[in-house]
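Protein chains in written order, with this note's numbering: chain E, 657 to 880; chain D, 77 to 208. In this text, a Cβ means the ideal position worked out from N, Cα and C, and glycines have one as well. Note that the coordinates shown come from a computational prediction; the quantities given were computed from them, not determined experimentally. Down below is the structure, laid out as structure tokens.
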Amino acid sequence: MTLAAASHGFLSPTGVEIAFLLVGLVTLGAAVVTVTTKQLVHAALWLVVALGGIAVEYLLLTAEFIAWVQVLIYVGSVVVLLLFGLMLTKAPIGRSENADSGNRWAALIVAVASAAALVWVVTDAFRTTWIDLDGAVQGSTEASGRSLFQYWVLPFEALSVLLLAALVGAIVLSRKNDDRERSDGSERPGSGKQSGPREQSGSREQPGSRERPGDRARLREDQG
Amino acid sequence: MHLAYPAVLAVLLFCVGLYGVLARRNAILVLMSVELMLNAVNLNLVAFDVWLRDKLHAGQALTLFTIAVAAAEIGIGLAIVLLVYRNRGSSDVDRLRDLAERPDGSDPDDGSDPNDDTPGRPRPDHRAEAAA
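The following block contains the structure:
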């Protein structure tokens with residue numbers, strides 16, 4: 657940590673900063689497309705780009721373990737879960753015009769106002785602060801593992817209990833749903849059986865079967 | 077590296093996620109925007125951890141915990157969204173107005189009286205909406 661602005665050029669960025677800026681622009685653009693596109697599946701796919709860009713930013717910040725965890729969990733499982741959710745809720749494949757609700761202009765005003773305020777405060781606060789990336793790697797797997805299992809064991813175990821609770825919760829939500837579907841399913845085949853013979857008998861006694869030769873005769877008359 | 081780069085990127089990502097949460101109509105897109113906001117917070121945590129050279133690695137440990145909590149949140153959230161979709165036939169957050177306070181006490185959505193929504197009963201009118 658260096659507080660002297662004189663040792664760093666203000667407008668002479670290093671290579672890491674340029675790479676961070678470029679990847680950050682890609683990430684931000686993908687995030688904006690994610691929240692503004694009208695095609696729901698494309699939003700999930702652009703979310704992959706945004707999350708992968710954030711993983712690259714972690715790598716540039718020398719936090720490699722977090723970067724690979726990000727790739728594994730977010731890009732690997734969360735986006736797949738979101739895509740499954742889009743499929744199971746029968747999301748439209750093409751453009752859906754009502755993807756944005758009516759209050760998008762109010763949302764835009766709120767987002768721009770908060771972005772302006774926060775960018776102003778953050779740049780004003782950290783104007784003369786530099787990260788020293790040249791020392792020992794802060795976020796290597798060894799360092800993260802040592803700290804995690806030396807100092808953070810109790811939160812780690814609590815987190816496993818939380819994941820178990822989430823698992824049980826998801827199963828309970830789905831099972832309640834299955835019971836309802838089962839009770840519906842016991843009613844629906846009954847009604848289907850009632851309506852099925854009607855259709856069959858109707859097709860047997862159908863006056864349409866007598867009409868069909870008449871139609872053919874009419875067609876022949878028309879052709880003749 | 078200047079600390080303002082990751083901080084400003086995190087702020088902008090958070091505000092993009094905020095816009096998405098407020099402006100999107102589909103509940104799954106709202107969940108995606110929540111993920112963007114959580115990732116902005118994670119980026120801040122990692123950047124400040126690297127800046128402060130924390131001996132306990134508190135920022136990165138908290139980032140890992142946030143990622144795990146976000147995974148649990150997305151699982152439960154999607155289960156709830158699927159349940160709502162099966163009961164109501166849509167996952168539009170604008171149309172989920174059962175808990176809205178109405179000044180005249182009437183129900184503008186489906187015309188039935190609000191006393192009809194007792195929790196123990198199955199609700200065939202919504203089921204009919206879902207089938208339609």
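- Buried is the label assigned to P82(D), since at least 16 other Cβ atoms lie within 10 Å of its Cβ.
- The beta carbon of D174(D) does not come within 8 Å of any beta carbon belonging to chain E, so the residue lies off that interface.
- The Cβ-Cβ distance between R101(D) and D168(D) falls below 8 Å.
- With its beta carbon less than 8 Å from one in chain D, I722(E) belongs to the interface.
- Taken through DSSP and simplified to helix, strand or coil, W808(E) comes out as coil.
- Contacts with chain E at 8 Å (Cβ-Cβ) include V157(D).
- Of the candidates N115(D), N120(D), L128(D), D125(D), N115(D) places its Cα closest to the Cα of V704(E).
- In its chain, beyond the 5 residues on either side, W702, V705, A706, G709 have a beta carbon closer than 7 Å to the beta carbon of A686(E).
- Annotation: L737(E) to L172(D) spans about 23 Å, alpha carbon to alpha carbon.
- Less than 8 Å separates the beta-carbon of V122(D) from that of T139(D).
- Boundaries of the alpha helix (DSSP H) around T779(E): 760 to 781.
- Going by DSSP, M113(D) is part of the alpha helix (DSSP H) stretching over 103 to 128.
- V160(D) and L715(E) have their C-alpha atoms roughly 39 Å apart.
- Proximity to V84(D) across V727(E), L681(E), L744(E), L829(E) peaks at L681(E), based on C-alpha coordinates.
- Under DSSP, the beta-bridge partners assigned to D756(E) are R100(D).
- Among the residues of the region 796 to 816 of chain E, those with a Cβ less than 7 Å away from any Cβ of chain D are A799, S800, S803, L804, Y807, W808, P811, L815, in the order of the chain.
- By alpha-carbon distance to A767(E), the top candidate from C91(D), A147(D), I150(D), A144(D) is C91(D).
- Listed along the chain, the chain D residues whose CB falls inside 7 Å of the CB of I674(E) amount to none; the nearest CB is some 10 Å away.
- H78(D) carries a strand assignment under DSSP once its states are collapsed to helix, strand and coil.
- By the Cβ neighbour-count rule, A792(E) is exposed, with fewer than 16 other Cβ atoms within 10 Å of its own.
- Put simply, the CB of L678(E) is far from chain D, with every gap to its CB atoms at 8 Å or more.
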